[in-house]
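Protein chains in written order, with the numbering used here: chain A, 76 to 212; chain B, 76 to 212. Glycine included, each C-beta is placed from N, C-alpha and C at the ideal position.
2 protein chains.
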Amino acid sequence: MDTATLLKSKGLRVTPQRLAILDILRSTKAHPSVETVYDLVRERFPSISFNTVYKTLQSFEDAGLVWKLSIDNLYRYDGNTLPHAHFYCHRCGMVLDVNGELTQRFSEFLEMARKTPGLKVQSMEVNFYGHCPACRY
Amino acid sequence: MDTATLLKSKGLRVTPQRLAILDILRSTKAHPSVETVYDLVRERFPSISFNTVYKTLQSFEDAGLVWKLSIDNLYRYDGNTLPHAHFYCHRCGMVLDVNGELTQRFSEFLEMARKTPGLKVQSMEVNFYGHCPACRY
DNA sequence: TACTACATAATAATTATTATCATGTTGTAT
DNA sequence: ATACAACATGATAATAATTATTATGTAGTA
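Here it is in C-alpha cells:
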C-alpha cells in the first residue's frame, strides 16, 4: 500500500516528514533507533528536529504501523509488524530478524503464554544475543 | 548452597555487602532493578553506595550468579539463572516468571536459533507484556 | 478561504546507567 | 599474628537515552 494511504487509513495526518519517516522504516531491515532514523531523515529534511522524529515514531507505534523493540535497553523501530524474533550483536549493535522455523513457533509461544491464568498478555518479544556473522571470531 | 560458599566458588570476594546483595536476589522473585536492590540492602547497610550495588550486581552477572534482564528498557536482576520467560505488567511495572509448558519449550527455542547459519547465539530473552492479575480490568 | 486541531522545531528536563578516584577491606603469604 | 597487594567500597560526577514544554506552522475540513 502507498505510504500516504497507509497513514490515512490509520487516521494519521499526512505530512512530508511523516512520509519520509515511514518510508525509511518500510524500506529498511536495519531496525534503526530514533537517533538513526533522525540521521537518515535529515538527509532529505535537514531542519527536522529530533523531537519530531521521536513523537512521530511514537504515534506510528500507537497506530500499529511499526513495532517498537526493546533490545539490550535500547529502543529500535521495525517496519515489519508481523511476529518474529530478533538477534542483537553485542559487538557491533546490529539487529537482525531471525527467520525460519522459529517464526512459525513464535505465535504458538504467544498462545501458550496467553493460557497463563490471570495474565492479560498483549505482546511478546524474543531476543537473542551474541555475535553476528561479521563479528564472529 | 551457602551464599558465602557460592561467592567463593565463583572466585569472588566475600564481603558483608556482597552477602547481603546476593541474599536479596536469592530470596526474592520480584526481579528488582539496581535501584530496588539498593533500597533493600540499605535497610541493613544504610551507608552503602549505589555504585557498590551497581558494580556488585555487574560482577555477579559476569560470574553467572544472576541474570541481568532487559525488560521494557529497564535492567532487572533475577537470582534464578535457569532458562525461563518473563512477563512485564505495563501498569504496575511488576515482573513475573512465566512457568509451565513454556519453560520446557524455552530451551528448544534457543536450540532452534543456534542453528541459524553464521550466528553465534549466547543468550535469549523472552518477554511478554500486558497486565498482571492485580492490574487486569 | 478561514479555522481548528494537530504537527513541528527548538530547547530543556528527566531518568537510568556507567565512570572516576580516594579510601577501606579481603585474601594470602609470610 | 602481620603485612601487603589486589580488589571492594563510597562519594561524587559524567554520560547517554528518553521524554517533556511551548511557541509557531501546517493539514484537513467546512
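Beta-carbon gap between residue i and residue j smaller than 8 Å
i      : j      : result
B:V141 : B:G154 : yes
B:D107 : B:R166 : Per the sequence shown, residue 107 of chain B should be read as Pro rather than Asp. No.
B:T178 : B:H206 : no
B:M187 : A:E136 : no
B:Y113 : B:V89  : no
B:A16  : B:K83  : The requested residue 16 of chain B is not part of the displayed model; chain B covers only 76 to 212.
B:R101 : B:T80  : no
Chain B residues whose Cβ lies nearer than 8 Å to that of residue i
i      : result
A:Y204 : V196, Q197, S198, M199, E200
A:N148 : S145, N148, L149, Y150
Spatially closest choice to residue i from the options, by CA coordinates
i      : options                       : result
A:T162 : A:P208, A:F203, A:Q92, A:E110 : It should be pointed out that residue 162 of chain A corresponds to Phe in this sequence rather than to Thr. Per the Cα distances, A:F203.
B:V201 : B:L144, B:C210, B:P192        : B:L144
B:L87  : B:D114, B:S122, B:L132        : B:L132
B:P91  : B:Y212, B:P121, B:T111        : B:P121
A:T111 : A:V89, A:L82, A:L149          : A:L149
For residue i, three-class secondary structure by DSSP
i      : result
B:I123 : coil
B:D147 : coil
A:K83  : helix
B:D98  : helix
B:S182 : helix
B:E118 : coil
Pairwise C-alpha distance: residue j and residue i
i      : j      : result
B:V196 : B:T156 : 17 Å
B:P208 : B:A105 : 15 Å
B:M169 : A:R93  : 35 Å
B:C164 : B:C210 : 8 Å
Within chain B, the residues that residue i reaches when beta carbons sit closer than 9 Å
i      : result
A:F135 : None at all; the shortest Cβ gap to chain B is about 18 Å.
A:R211 : G193, L194, K195
Listed by chain order, chain A residues near residue i by CB distance under 8 Å
i      : result
B:M187 : G175, E176, L177, R180
Listed by chain order, chain A residues near residue i by CB distance under 9 Å
i      : result
B:P208 : P192, G193, L194, K195
Proximal residues of chain A, C-beta to C-beta of residue i below 7 Å
i      : result
B:F125 : The contacting residues do not exist; B:F125 stays about 18 Å from chain A at best.
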